[in-house]
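In this text, residue positions in the sequence shown follow the UniProt record's numbering: the first is 1, and each later residue adds one.
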Amino acid sequence: MAIGSGSNNNFMKLTENSCEENEIERATEHMSDSDLLQSRPWTKEGIEPPLSPRKCFALNLMLSQRFSSQFLQEEARGLSFDSVLTIAKYLHFLLSWSPPVPEENTSLPPLELVIEWLNVLLDSHFQQIRLAEDAKDIISSLEEKVAHMTKWQSESKALLGTLAEVSRQFEERQKNNNKMGDYCIEVVSF
């Protein structure tokens, strides 16, 4: 099975057997180690993900695929709880590592997809995650991250509104101003 040529179902089966490193190895044999390292931008910062480079590559491909939330939730219910925790840890890592302004890197799934996958996994195994001791750390950390991202988003929206108003005022002044020289000094007040 070649990565990228199968459906999400094949990826789910591959992830289900994620303990089998040789299956991941076979699926990513066309990738050199240097290509795998280049597909993980966090290595430049010296950050270690919770999974091997080949598993990260396979999961990034899986996470970047188009999917139906309902279909994916049904398929995710068939995953073992250990696999769900492994994927959730990696998604948490991506969520924690990803910069607020996305970079032009096609090897990583967009932030929106990471959040959608997290929603699907949490919905499909809600009771197990709620009761499991080893999932509490991930859940509490996700709560903190979501609160931080929500605060950042509201602050960004307020800043964008202010910038839009300043831009509007500047354009209005530009229309009304007849410049006398090569430069113009203006005072912008809020």
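Cβ coordinates follow ideal geometry from the N, Cα and C atoms, glycine included.
With a Cβ-Cβ cutoff of 8 Å, do residue i and residue j count as a contact?
i           : j           : result
residue 81  : residue 127 : no
residue 73  : residue 123 : yes
residue 95  : residue 145 : yes
residue 121 : residue 88  : yes
residue 85  : residue 137 : no
residue 91  : residue 60  : no
Quick check on this structure: which residue in the options has the alpha carbon closest to the alpha carbon of residue i?
i           : options            : result
residue 169 : 187, 158, 154, 153 : 187
residue 30  : 152, 167, 57       : 57
residue 23  : 125, 133, 52       : 52
residue 67  : 112, 142, 151      : 112
residue 97  : 152, 49, 78        : 49
residue 114 : 65, 32, 151, 190   : 65
Expressed to the nearest angstrom, what Euclidean distance is found between the alpha-carbon atoms of residue i and residue j?
i           : j           : result
residue 47  : residue 174 : 48 Å
residue 117 : residue 171 : 43 Å
residue 34  : residue 28  : 13 Å
residue 130 : residue 83  : 16 Å
residue 132 : residue 141 : 15 Å
residue 93  : residue 154 : 23 Å
residue 160 : residue 77  : 41 Å
residue 32  : residue 167 : 48 Å
residue 139 : residue 185 : 52 Å
When the cut-off is 8 Å and only beta carbons count, does residue i lie next to chain B?
i           : result
residue 174 : This model lacks chain B altogether, as it is built from one protein chain only.
Assuming residue i contacts residue j (C-beta within less than 8 Å), just tell me the rounded distance between them.
i          : j          : result
residue 54 : residue 75 : So it is not a contact: roughly 22 Å between Cβ atoms.
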